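**Student:**
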Amino acid sequence: MTNLNATQMTELLRIVSMRIDEASAELGALDGAIGDADHGNTMARGFAAVVTACVEAANQDVKAGALLPIAGRSFLNAVGATTGPLYASAFLRAGQAFDAQQDIPVDRLPEMVVCFCDGIAQRGKATPGDKTMLDAWGPAARAVTEAQQNGAGPVACLDAALEAASEGREATRAMVASVGRAARLGERSLGHVDPGAASAVIIIAALREGLANLLQGEAS
Amino acid sequence: MTNLNATQMTELLRIVSMRIDEASAELGALDGAIGDADHGNTMARGFAAVVTACVEAANQDVKAGALLPIAGRSFLNAVGATTGPLYASAFLRAGQAFDAQQDIPVDRLPEMVVCFCDGIAQRGKATPGDKTMLDAWGPAARAVTEAQQNGAGPVACLDAALEAASEGREATRAMVASVGRAARLGERSLGHVDPGAASAVIIIAALREGLANLLQGEAS
Amino acid sequence: MQRFINDPDNLVDETVAGFVRAHSDLVRLDPENDRVVVSTTAPRPGRVGIVTGGGSGHEPAFIGYTGRNLVDATAVGELFSSPTAKSFADAIRAADGGKGVAVLYGNYAGDNMNVKMAKEMVAPDGIEVVTVVANDDVCSAPLSEREKRRGVAGEIFMWKIGGAKAALGGSLTEVQAAAQKAIDACRSVGVGLGPCTLPAVGHPNFSIEAGTMEVGIGHHGEPGVRVEKLASADAVADDMLKIVLDDHGLEDGAEVAVLVSGLGATPVNELYVLYSRIETRLQAQGIRVHKAFVGNYFTSLEMIGATLTVMALDSELKELLDMAAEAPGMSTGK
Amino acid sequence: MQRFINDPDNLVDETVAGFVRAHSDLVRLDPENDRVVVSTTAPRPGRVGIVTGGGSGHEPAFIGYTGRNLVDATAVGELFSSPTAKSFADAIRAADGGKGVAVLYGNYAGDNMNVKMAKEMVAPDGIEVVTVVANDDVCSAPLSEREKRRGVAGEIFMWKIGGAKAALGGSLTEVQAAAQKAIDACRSVGVGLGPCTLPAVGHPNFSIEAGTMEVGIGHHGEPGVRVEKLASADAVADDMLKIVLDDHGLEDGAEVAVLVSGLGATPVNELYVLYSRIETRLQAQGIRVHKAFVGNYFTSLEMIGATLTVMALDSELKELLDMAAEAPGMSTGK
Ligand SMILES: Nc1ncnc2c1ncn2[C@@H]1O[C@H](COP(=O)(O)OP(=O)(O)O)[C@@H](O)[C@H]1O
Ligand SMILES: Nc1ncnc2c1ncn2[C@@H]1O[C@H](COP(=O)(O)OP(=O)(O)O)[C@@H](O)[C@H]1O
Ligand SMILES: [Mg+2]
Ligand SMILES: [Mg+2]
Ligand SMILES: [Mg+2]
Ligand SMILES: [Mg+2]
Numbered sequence: 081m082t083n084l085n086a087t088q089m090t091e092l093l094r095i096v097s098m099r100i101d102e103a104s105a106e107l108g109a110l111d112g113a114i115g116d117a118d119h120g121n122t123m124a125r126g127f128a129a130v131v132t133a134c135v136e137a138a139n140q141d142v143k144a145g146a147l148l149p150i151a152g153r154s155f156l157n158a159v160g161a162t163t164g165p166l167y168a169s170a171f172l173r174a175g176q177a178f179d180a181q182q183d184i185p186v187d188r189l190p191e192m193v194v195c196f197c198d199g200i201a202q203r204g205k206a207t208p209g210d211k212t213m214l215d216a217w218g219p220a221a222r223a224v225t226e227a228q229q230n231g232a233g234p235v236a237c238l239d240a241a242l243e244a245a246s247e248g249r250e251a252t253r254a255m256v257a258s259v260g261r262a263a264r265l266g267e268r269s270l271g272h273v274d275p276g277a278a279s280a281v282i283i284i285a286a287l288r289e290g291l292a293n294l295l296q297g298e299a300s
Numbered sequence: 081m082t083n084l085n086a087t088q089m090t091e092l093l094r095i096v097s098m099r100i101d102e103a104s105a106e107l108g109a110l111d112g113a114i115g116d117a118d119h120g121n122t123m124a125r126g127f128a129a130v131v132t133a134c135v136e137a138a139n140q141d142v143k144a145g146a147l148l149p150i151a152g153r154s155f156l157n158a159v160g161a162t163t164g165p166l167y168a169s170a171f172l173r174a175g176q177a178f179d180a181q182q183d184i185p186v187d188r189l190p191e192m193v194v195c196f197c198d199g200i201a202q203r204g205k206a207t208p209g210d211k212t213m214l215d216a217w218g219p220a221a222r223a224v225t226e227a228q229q230n231g232a233g234p235v236a237c238l239d240a241a242l243e244a245a246s247e248g249r250e251a252t253r254a255m256v257a258s259v260g261r262a263a264r265l266g267e268r269s270l271g272h273v274d275p276g277a278a279s280a281v282i283i284i285a286a287l288r289e290g291l292a293n294l295l296q297g298e299a300s
Numbered sequence: 003m004q005r006f007i008n009d010p011d012n013l014v015d016e017t018v019a020g021f022v023r024a025h026s027d028l029v030r031l032d033p034e035n036d037r038v039v040v041s042t043t044a045p046r047p048g049r050v051g052i053v054t055g056g057g058s059g060h061e062p063a064f065i066g067y068t069g070r071n072l073v074d075a076t077a078v079g080e081l082f083s084s085p086t087a088k089s090f091a092d093a094i095r096a097a098d099g100g101k102g103v104a105v106l107y108g109n110y111a112g113d114n115m116n117v118k119m120a121k122e123m124v125a126p127d128g129i130e131v132v133t134v135v136a137n138d139d140v141c142s143a144p145l146s147e148r149e150k151r152r153g154v155a156g157e158i159f160m161w162k163i164g165g166a167k168a169a170l171g172g173s174l175t176e177v178q179a180a181a182q183k184a185i186d187a188c189r190s191v192g193v194g195l196g197p198c199t200l201p202a203v204g205h206p207n208f209s210i211e212a213g214t215m216e217v218g219i220g221h222h223g224e225p226g227v228r229v230e231k232l233a234s235a236d237a238v239a240d241d242m243l244k245i246v247l248d249d250h251g252l253e254d255g256a257e258v259a260v261l262v263s264g265l266g267a268t269p270v271n272e273l274y275v276l277y278s279r280i281e282t283r284l285q286a287q288g289i290r291v292h293k294a295f296v297g298n299y300f301t302s303l304e305m306i307g308a309t310l311t312v313m314a315l316d317s318e319l320k321e322l323l324d325m326a327a328e329a330p331g332m333s334t335g336k
Numbered sequence: 003m004q005r006f007i008n009d010p011d012n013l014v015d016e017t018v019a020g021f022v023r024a025h026s027d028l029v030r031l032d033p034e035n036d037r038v039v040v041s042t043t044a045p046r047p048g049r050v051g052i053v054t055g056g057g058s059g060h061e062p063a064f065i066g067y068t069g070r071n072l073v074d075a076t077a078v079g080e081l082f083s084s085p086t087a088k089s090f091a092d093a094i095r096a097a098d099g100g101k102g103v104a105v106l107y108g109n110y111a112g113d114n115m116n117v118k119m120a121k122e123m124v125a126p127d128g129i130e131v132v133t134v135v136a137n138d139d140v141c142s143a144p145l146s147e148r149e150k151r152r153g154v155a156g157e158i159f160m161w162k163i164g165g166a167k168a169a170l171g172g173s174l175t176e177v178q179a180a181a182q183k184a185i186d187a188c189r190s191v192g193v194g195l196g197p198c199t200l201p202a203v204g205h206p207n208f209s210i211e212a213g214t215m216e217v218g219i220g221h222h223g224e225p226g227v228r229v230e231k232l233a234s235a236d237a238v239a240d241d242m243l244k245i246v247l248d249d250h251g252l253e254d255g256a257e258v259a260v261l262v263s264g265l266g267a268t269p270v271n272e273l274y275v276l277y278s279r280i281e282t283r284l285q286a287q288g289i290r291v292h293k294a295f296v297g298n299y300f301t302s303l304e305m306i307g308a309t310l311t312v313m314a315l316d317s318e319l320k321e322l323l324d325m326a327a328e329a330p331g332m333s334t335g336k
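Residue numbers (this note's numbering), protein chains in the order written: chain H, 81 to 300; chain L, 81 to 300; chain P, 3 to 336; chain S, 3 to 336.
1) Ignoring anything shorter than 3 residues, give me the beta strand (DSSP E) runs that lie fully in the segment 7 to 36 of chain P, in order along the chain.
2) Name the chain S residues that come within less than 8 Å of residue 159(H), Cβ to Cβ?
3) Is it the case that the CB of residue 112(P) approaches a heavy atom of ligand 2 more closely than 6 Å?
4) Would you mind stating whether residue 108(S) and residue 157(S) have Cβ atoms separated by less than 7 Å?
5) Are the C-beta atoms of residue 156(L) and some chain P residue less than 7 Å apart?
6) How is the beta strand (DSSP E) around residue 82(P) delimited, first residue to last?
7) Using 10 angstroms around the beta-carbon of residue 33(P), count the other beta-carbons present and answer buried if the total reaches 16, otherwise exposed.
8) DSSP puts residue 194(P) in a beta bridge; with which residues?
9) Compare the Cα-Cα distances from residue 253(L) to each of 270(L), 238(L), 178(L), 174(L) and report the closest residue.
10) Output the boundary residues of the beta strand (DSSP E) element that contains residue 209(P).
11) In chain order, what are the residues with a CB under 5 Å from some non-hydrogen atom of ligand 4?
12) Three or more beta-carbon pairs under 8 Å between the segment 233 to 250 of chain S and the segment 271 to 290 of chain S, yes or no?
13) Rounded to the nearest angstrom, what separates residue 82(H) and residue 215(P) at their Cα positions?
14) If the cut is a Cβ gap below 7 Å, which residues of chain L does residue 332(P) touch?
15) So what does DSSP say about residue 190(H), is it helix, strand or coil?
16) Under 7 Å, Cβ to Cβ, is there at least one residue of chain P near residue 274(L)?
17) Drop a sphere of 10 angstroms on the beta-carbon of residue 206(H), count the other beta-carbons inside from all chains shown, and report buried for 16 or more, exposed for fewer.
18) Can you say whether residue 122(L) is buried or exposed, counting buried as having 16 or more other CB atoms within 10 angstroms of its CB?
19) Just how far apart, CA to CA, sit residue 12(S) and residue 77(S)?
20) Relative to the C-alpha of residue 200(P), which candidate in 112(L), 238(L), 212(L) has its C-alpha closest?
21) Is it the case that the Cβ atoms of residue 91(S) and residue 124(S) are separated by a distance below 7 Å?
22) Using the DSSP secondary-structure output, state which residues sit across from residue 259(S) in a beta bridge.
23) How about residue 126(L) and residue 159(L): are their beta carbons less than 7 Å apart?
24) Cutting at 7 Å between CB atoms, please list the residues of its own chain near residue 119(S), excluding the five before and the five after it.
Put into structure tokens, the structure is as follows:
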């Protein structure tokens, strides 16, 4: 397999949606501790909308590259919230990186992590250490770039991203939130994992899981 | 001692007030089960007002017989509720039985129970078995009359009243309320003691206690 | 008890004090009796006075309906206790504009007795007094014994109609008849999901087990007629409406006013969820909602739950309901 | 969870459906977007349009302030979640009367981003859009970083003032300036005594131990600045007022508007107890209350607690505040 077609890309996003849905209570609890408890719901609702829109688009026989802006718009229109614009921008940025007329080369899939990071940073204007999802996406993006430079394959790149994102998520415990809803907590946000960083790790893990499944399915 | 003066009568009512106050939580709980939980509060507030008014009147050197209408009006103006008019009528009826220009003959004190019963019955128009305070006051009044006819002394008369009232209170368990707030319960009021019957018993017990104290104080 | 309380014994006085200060454009305290709240528009010379009264803990009821073209004077009782006869009497005096006073109140033993005594008290003042007793709570007695039913949120419609009739210059008999017609046309039901606590008692009155609900509950927590498994909002709405309509016997084409009130601790959005279903079902039965009220109109401290009131309308009731009125608890019409 | 709920995922849709049905005299649903509620008086040709929006669960806010001389169109989000950019954009379109639209909303990351995107979305329509961001919640950041503070119940005053200015024919710049002046003049604080539960989550967001209270709590349950032993109503009122006034720096002789709102499950009478104390203390400091609002104006599902908002008034704000307005959540003025 050299390219992911629209159906395969949709399958990947379906796994993301599934894993986010499973974690939704846990994400809600993390958000409850320092925010307003809706992060699990908003993420689950957003990715469910992404999958619905992608299934529909894939049925119309579009290329995988065209799914990304569709995913972005559907996320945005489904949830609003803080995550709506952030993940919409993430998908739209990825859409700019891939050709809408083409399927997505498997080797380049990990670049989605870099695009997500850039889109979120651009829209949210958070800086590292602000205790946001960017503290997971940032390290993950750098890990992908480095792994690619070292010639790692796509799954290995996502492995590296996952490890870096997990460390980033844990690092948010020691951060005092300074943007987003938790920013008003000051010191009281200390010790808590940022929910957005936690969901970022789940997304990356699901992308890796989905890609490995697809490649394995092909190998067997 | 042959007569109770205003100070002694006030002392009697103070003991009633004290005992009702102590039982207020319990009366509230009984009312909570089949009504609205305020019976302890209203009774406590009413008798507290009675004592305040009687202390003031006793200081102005009135006769004990004059305290009774004063008590009635102060109860009425303090609490409203169902018990306000009922106990106001009780005291006013007692006021009619005793001469306002005179102190209250000790031997006639138990007649207060009869007056209370009449006043409450007249105002509330409840009939026996309706599961109200009248199911305690009614038997108590009959017991006083009977004991007096048998030549019993005042404390013995109140003993008889207390026993009859207690039995009446217990009998309310087996009654289905048909007037007052609990009337809307139907069968569900079964098994519960009527709070107004319970407070009636406390009043009679306190009158007996107070009278015995006064007589004992004199004897020693 | 997670509540904002000073001394529980002062709660009612402090409530009334805050109320008349917050709404000094609409109400004032009776100078003779600090348990009587009077509309700034009262007394209205040449108009029938409207009086009500009841226990506290139902805010905005009862005091909140004192205002222009609504209630002229309201007697305030302790929490869940009837006002004193004297307070009712003083309210009657404050409302009297020389054409008599209609006391429109709820059917509770205490209120019945205290209003009766108040009538006796004001007789020497030469004030003509009539009464209308609200008995809209369907579950509190069978229809054949309607005179035994409690008064609940339907009282608001009774006040609105009575107040409007008086404002239009209706005679005492006409005002009484209109208020009576209003309450006769009302049916209410309450469903409780959680209890309330009298601060002086310090713990809940009664308990409603998690996962259950009490259908037909009274708005002081008087037990209902059924304890059931907690149902969906739609199922509860259907049940409430069935209870009300079975008793009401409305015809296809009927017009109604609907009031969905929270009991104190139910989120406002859920009241709209209930209302949405109720209107859908009414429509399906050919009944048109002329006017709806949804919110915390008649509460029971922090009880969780809601009440539904449906008032059948004819052209007179409609016109009186639509007339402008302004009070802290309800501002309606133009 | 003792609540009236069908499927938690439909709660917002059902709320909006019930709301527009109950208040069809004042509001309607946008035909293009069922997450946009529009005043029946909108769009007003030749007048600046007023838009707001926010998460659900605060009813009557936000939708309840859609109405005459108030908000023209309101975007509705999920529970405690900003509306989508598209809903804000559709609300802007619905409110547009040709003189531009002022979006008056609260300072939350999501709302900031979604409003910004909405502005981009309506640019092709040629609608001029300005924004004012409410940041009245004192405890959410120090005064020196006021731009970081959350918007809370002060938003109601911002809408009222902005809506009145627009109704009087103010230009887009004038409406923006008036709304900005209003929110600049507002300070708010919340005290929480009990948590709330998002139905889809099924258990409380956070916990407040019995016997304690959280001072400075946000109206989604964002933790406050202090957890303390639950104090008396008077002590809480004093504390709230001190927080607000220390930040405000009002002068002797100042006039203010005061809003005491319940958070959803606090009995209404206790709000009056708080208000009574607050007015007493303001008077003692030579500050006059020109107008007061007490009730469940801006809730947080079934949270127990209350918020205090004080807006300093000058003659312009006073006149705009006093102007008549009519919406499901607030009917005021003549
Ligand atoms: N400016 C920002 N940039 C990046 N991420 C942000 C920003 N603001 C908030 N976040 C992220 O959003 C998460 C919260 O999302 P969510 O709970 O869905 O929205 P809301 O805060 O509106 O309730 C936070 O945990 C944080 O990671
Ligand atoms: N008509 C009546 N006659 C006699 N007693 C009555 C009558 N109605 C009610 N009661 C008594 O009043 C008691 C309740 O009093 P209370 O709780 O103080 O008033 P409320 O019912 O108004 O809350 C009942 O337990 C019952 O004994
Ligand atoms: Mg959140
Ligand atoms: Mg009682
Ligand atoms: Mg009572
Ligand atoms: Mg949120």
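The beta carbon of each residue, even a glycine, is placed where N, CA and C say it ideally should be. Note that this is a predicted model, so its numbers are computed, not measured.
**Tutor:** In brief:
1) 29 to 32, all fully within the segment 7 to 36 of chain P.
2) Here the question's residue 159(H) lines up with position 79 in the first sequence. What residue 159(H) touches in chain S: 80, 83, 86.
3) Counting from one through the third sequence, the residue named residue 112(P) turns up at place 110. Checking every heavy atom of ligand 2 against the Cβ of residue 112(P), one is found closer than 6 Å.
4) Residue mapping note: residue 108(S) aligns to position 106 of the fourth sequence, counting from 1. Residue mapping note: residue 157(S) aligns to position 155 of the fourth sequence, counting from 1. Closer than 7 Å, so yes.
5) Sequence index remark: in the second sequence, residue 156(L) carries index 76 (1-based). Residue 156(L) belongs to the set of residues whose beta carbon lies under 7 Å from a beta carbon in chain P.
6) Numbered from its first residue, the third sequence carries residue 82(P) at position 80. Here residue 82(P) belongs to no beta strand (DSSP E), and DSSP marks it neither H nor E.
7) As a first step, residue 33(P) must be located in the third sequence, where it is residue number 31. Exposed, because fewer than 16 other Cβ atoms sit within 10 Å of the Cβ of residue 33(P).
8) Counting from one through the third sequence, the residue named residue 194(P) turns up at place 192. Residue 194(P) pairs with 216(P), 307(P).
9) As a working note, residue 253(L) is residue 173 in the second sequence. Of the candidates 270(L), 238(L), 178(L), 174(L), the residue whose Cα lies closest to the Cα of residue 253(L) is 270(L).
10) Within the third sequence, residue 209(P) is the residue found at index 207, counting from 1. Segment: none, residue 209(P) is in no beta strand (DSSP E) and carries neither H nor E.
11) Residues close to ligand 4 by the beta carbon criterion (under 5 Å to any non-hydrogen atom) are, from first to last along the chain, 111(L), 115(L), 116(L), 118(L), 119(L).
12) Taking a cut-off of 8 Å on C-beta distances, the segment 233 to 250 of chain S touches the segment 271 to 290 of chain S, as three or more cross pairs fall below it.
13) Taking the first sequence and counting its residues from 1, one reaches residue 82(H) at position 2. Taking the third sequence and counting its residues from 1, one reaches residue 215(P) at position 213. The C-alpha of residue 215(P) is placed about 60 Å away from the C-alpha of residue 82(H).
14) Counting from one through the third sequence, the residue named residue 332(P) turns up at place 330. For residue 332(P), no chain L residue has a C-beta closer than 7 Å to its own C-beta; the minimum C-beta separation is roughly 25 Å.
15) Counting from 1 along the first sequence, the entry for residue 190(H) is found at position 110. Reduced to three states, the DSSP call for residue 190(H) is coil.
16) Translated into positions along the second sequence, residue 274(L) becomes position 194. By this cut-off, residue 274(L) is not an interface position.
17) Translated into positions along the first sequence, residue 206(H) becomes position 126. Around the beta carbon of residue 206(H), 16 or more other beta carbons lie within 10 angstroms, which makes this residue buried.
18) Walking along the second sequence from the start, residue 122(L) turns up at place 42. Classification of residue 122(L): buried, given that the 10 Å Cβ count is 16 or more.
19) Counting from 1 along the fourth sequence, the entry for residue 12(S) is found at position 10. Counting from 1 along the fourth sequence, the entry for residue 77(S) is found at position 75. The C-alpha of residue 77(S) is placed about 17 Å away from the C-alpha of residue 12(S).
20) Translated into positions along the third sequence, residue 200(P) becomes position 198. In terms of CA proximity to residue 200(P), 112(L) leads the group 112(L), 238(L), 212(L).
21) For the purposes of this step, residue 91(S) is taken as residue 89 along the fourth sequence, with counting starting at 1. For the purposes of this step, residue 124(S) is taken as residue 122 along the fourth sequence, with counting starting at 1. With contacts defined by Cβ atoms closer than 7 Å, residue 91(S) and residue 124(S) form a contacting pair.
22) In the fourth sequence, the residue the question calls residue 259(S) occupies position 257. For residue 259(S), the beta-bridge partners assigned by DSSP are 293(S), 313(S).
23) The residue you call residue 126(L) lines up with position 46 of the second sequence. The residue you call residue 159(L) lines up with position 79 of the second sequence. Closer than 7 Å, so yes.
24) The residue you call residue 119(S) lines up with position 117 of the fourth sequence. So the qualifying residues of the chain are 87.
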